[in-house]
Amino acid sequence: MKKLSVILVLSFFWCNISYSNEYSSIGLFEKKIDFNFECVERDDPNFTFDFGLKKIKNTLYFLRKNTNTNKYRSPASTVWDFGEFEYEGKQYSNMKMFFYHYPNKMSDGKYILSRYALLEQNKKYDLSITEFEINQELFDKLSYNMKTRVEFIKEKNFDEAIKYVIDYTDLIGGFLMLNSKTAIMDWSWFFNCKKIK
């Protein structure tokens, strides 16, 4: 009986090790995090976008999903909460905004930044994605930031990695405050989203 108890305890311990994710505190490689969304583009049902929001030390972060593994990538940016907001003539009870820049130059030579606006009304969600053209200087800063943060994540130094995510968002915010009207592009999409438990 004693042997059986030891075997059961060891089996339980082994299972916990084999299924634990040492990156779960930042959402990396997780299939579900605090808030999960599945979105379908309003005019093209074949165009989908899944993402999540995770709270880390009382701050909300935006995570993109790897479409091949269906698992989350590391935090991309912090989330700005605007509360009640009128967006393109429609009133919403809440708007959250977050960002991501494409890590490679586009085929036309442009560097692109995406601004995401998650809009909520009566527990229904819409997502607006607007593209902006950024300059080489900002692209280099954002790319360096992303590369450095990945190195900290590899070292499992999550606190330092998160500092870089905050700096990343601040860099983008500063750029958009000065250039949003001139840098905005014609590329924009509107998605209907559902929150997944």
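The sequence shown begins at 960 in the working numbering and counts up by one.
From the three backbone atoms N, C-alpha and C, an ideal C-beta is built for every residue, glycine too.
Between the segment 1118-1127 and the segment 1068-1087, the count of C-beta pairs closer than 8 Å stays below three; the two stretches do not touch.
Along the length of the segment 1059-1103, whole beta strand (DSSP E) runs at least 3 residues long occupy 1070-1080 and 1083-1093, reported in chain order. Note that the C-beta distance between Phe-994 and Thr-1028 is not below 9 Å.
Asp-1129: not part of any beta strand (DSSP E); member of the alpha helix (DSSP H) spanning 1117-1142, first to last residue.
Between the segment 997-1011 and the segment 1136-1150, the count of C-beta pairs closer than 8 Å reaches three or more; the two stretches touch. For Leu-1101, the closest C-alpha among the options Lys-1113, Thr-1018, Tyr-1061 and Phe-996 is that of Tyr-1061.
By the criterion of a C-beta distance shorter than 7 Å, Thr-1107 is surrounded in its chain by Tyr-1123, once the five residues flanking it on both sides are discounted. Partner residues in the beta bridge of Ser-1147, as assigned by DSSP, are Thr-1089.
Taking C-beta atoms under 8 Å as the contact rule, Val-1038 and Phe-1010 fail to qualify, at a distance of about 11 Å. Taken through DSSP and simplified to helix, strand or coil, Val-1109 comes out as helix. In the DSSP annotation of this structure, the continuous segment of the beta strand (DSSP E) that includes Ser-1036 starts and ends at 1030-1037.
Annotation for Tyr-1075: Phe-1057 and Ile-1088 place their beta carbon closer than 6 Å to its own, counting only its chain and skipping 5 residues before and after. No Cβ-Cβ contact shorter than 9 Å links Leu-1012 with Lys-1082.
Distance between Glu-1043 and Asn-980, taken at the CA atoms: about 36 Å.
Lys-1024: member of the beta strand (DSSP E) spanning 1018-1025, first to last residue. For the set Ser-1139, Asp-1099 and Ser-984, the Cα lying nearest the Cα of Asn-1017 is the one of Ser-984.
Spanning the alpha carbons of Lys-1154 and Phe-1008 requires a straight line of approximately 12 Å.
With respect to the 9 Å criterion, Tyr-1051 and Gly-986 are not classified as neighbours on the basis of their beta carbons. The distance from the Cβ of Ile-1071 to that of Glu-1092 is about 7 Å, consistent with a contact at the 8 Å cut-off.
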